[in-house]
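K.L.:
Numbering (this note's numbering), first residue to last: 549 to 890.
Here's what the structure looks like:
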């Protein structure tokens with residue numbers, strides 16, 4: 549289970565003296581790459597990076613899926629992720645034998661959803677991962693880098709930076725007190741900045757206020773996106789309407805479940821909430837606890853990890869989400885213009 553938030557805030561205040569140290573290390577690293585002292589690999593085909601400045605919870609997975617849907621009909625698309633918490637090493641390519649343990653939960657979700665329409669690969673060394681994809685008989689036209697904004701050994705041709713509305717990077721602190729992986733100035737590497745998980749009724753004046761705080765460069769566009777929930781919940785064997793879905797236990801192992809909890813409450817749903825850390829590996833005792841619940845609802849990512857347990861199959865459902873972007877025609881054109889130009 550997650551640490552108590554009050555305790556977490558106390559710990560973050562205690563470690564504040566380490567913030568300048570972390571800032572200096574990451575700042576100097578970026579300077580070395582920006583000045584060419586440390587080298588980055590560039591490519592003569594489209595490489596799109598989706599990432600963030602902060603630790604988790606900005607909506608990278610639905611953004612990758614948005615891009616897949618935008619591009620897959622006209623191009624062979626590959627996703628390349630680290631494969632966080634997988635039990636394999638090196639380069640792995642998704643196939644019919646793949647499971648969560650070989651790919652990681654998010655890449656396995658991509659493979660489970662899109663199948664052979666795309667290539668799904670994992671490699672902690674993104675440069676090696678790109679080389680391995682290039683060496684395949686069916687070389688991908690486009691590679692989408694999932695959570696590689698700080699992976700400076702690779703220079704993507706197009707960078708999409710995400711920042712959650714509830715904790716925009718302009719107001720955040722560096723680790724370990726805050727959530728930033730690198731200084732705010734790192735945002736200048738982005739071609740597009742997307743403020744994610746916005747409320748549906750976000751006003752134009754509020755958007756302009758945020759844009760003013762971000763101070764985008766002339767070459768940057770700022771967009772706002774929200775989460776769009778499916779009207780149905782799904783299991784391994786059936787589909788049910790969310791509207792008529794009865795009481796349940798909500799199980800989440802994501803960075804921030806607040807948006808989902810708020811949405812379900814607004815829908816008038818009654819549920820208990822078991823909240824675990826992001827990418828949580830469930831223990832036998834936790835699976836036994838879940839098996840005592842009559843109905844379980846979880847996220848699509850968590851479903852990838854939990855569906856393997858036979859004892860949960862008849863009671864386990866998930867609620868899919870997708871990204872909804874304001875000015876989609878402008879956003880799509882920027883991406884497609886980059887792809888076509890390369």
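Glycine is no exception: its CB is placed at the ideal position from the N, C-alpha and C atoms.
1) So does the segment 615 to 631 actually touch the segment 724 to 737, counting three or more Cβ pairs closer than 8 Å?
2) In chain order, what are the residue ranges of uninterrupted beta strand (DSSP E) at least 3 long that sit wholly in the segment 601 to 658?
3) For the alpha helix (DSSP H) that residue 845 lies in, which residues bound it at each end?
4) Quick one: what's residue 865 bridged to in DSSP?
5) Which residue from 718, 774 and 845 puts its Cα closest to that of residue 781?
6) For residue 788, name the three-state secondary structure that DSSP assigns.
7) Which residues does DSSP pair with residue 769 in a beta bridge?
8) On the DSSP bridge assignment, give the partners of residue 694 in chain order.
9) For the segment 561 to 575 against the segment 676 to 683, are there 3 or more C-beta pairs whose distance is under 8 Å?
10) Kindly indicate the opening and closing residues of the alpha helix (DSSP H) around residue 676.
11) In terms of alpha-carbon separation, which member of 606, 647, 817 and 638 lies closest to residue 853?
12) Quick one, which of 717, 722 and 849 has its alpha-carbon nearest residue 736's?
13) Can you tell me where the alpha helix (DSSP H) holding residue 860 begins and where it ends?
14) Measure the Cβ-Cβ separation of residue 626 and residue 692 and say whether it is below 9 Å.
15) Compare the beta carbon distance of residue 714 and residue 874 with 9 Å and say whether it is the shorter of the two.
16) Return the first residue and the last residue of the alpha helix (DSSP H) that residue 751 is part of.
17) Out of curiosity, what's the CA-to-CA distance linking residue 594 and residue 640?
P.N.:
From the atom records:
1) no
2) 625 to 629
3) Taking the first residue of the chain shown as position 1, residue 845 is located at position 297. Note, residue 845: premise wrong, no alpha helix (DSSP H); beta strand (DSSP E) at 844 to 847.
4) Locating residue 865 in the chain shown gives position 317, where the first residue counts as 1. Partner(s): 845.
5) What you label residue 781 is simply residue 233 of the chain shown in a count that begins at 1. Looking at the Cα atoms, 845 is the closest of the given residues.
6) On the chain shown, position 240 is the one that residue 788 refers to. Note: residue 788 maps to strand in three-state DSSP.
7) The residue given as residue 769 occupies position 221 in the chain shown. For residue 769, which the question treats as bridged, DSSP gives the partners 740.
8) The sequence position of residue 694 within the chain shown is 146, counting from 1. Bridge partners of residue 694: 598.
9) no
10) Within the chain shown, the letter at position 128 stands for residue 676. Residue 676 -> alpha helix (DSSP H) spans 674 to 682.
11) Here residue 853 refers to the residue found at position 305 when the chain shown is read from its first residue. Residue 647 is the option with its Cα nearest to residue 853.
12) Locating residue 736 in the chain shown gives position 188, counting from the first residue. Measuring from the Cα of residue 736, the nearest candidate turns out to be 717.
13) Numbered from 1 along the chain shown, position 312 holds the residue referred to as residue 860. First-last for residue 860: undefined, no H or E at that position.
14) As a first step, residue 626 is located in the chain shown; it is residue number 78 there, counting from the start. As a first step, residue 692 is located in the chain shown; it is residue number 144 there, counting from the start. Yes; because the gap between Cβ atoms is below 9 Å, this pair is in contact.
15) Taking the chain shown and counting its residues from 1, the one referred to as residue 714 is at position 166. Taking the chain shown and counting its residues from 1, the one referred to as residue 874 is at position 326. It is not a contact, given that the beta carbons lie outside the stated cut-off.
16) Translated into the one-based positions of the chain shown, residue 751 becomes position 203. Neither: residue 751 is in no alpha helix (DSSP H) and is coded neither H nor E.
17) Here residue 594 corresponds to residue number 46 of the chain shown, with the count starting at 1. Here residue 640 corresponds to residue number 92 of the chain shown, with the count starting at 1. The straight-line gap from Cα to Cα measures roughly 21 Å.
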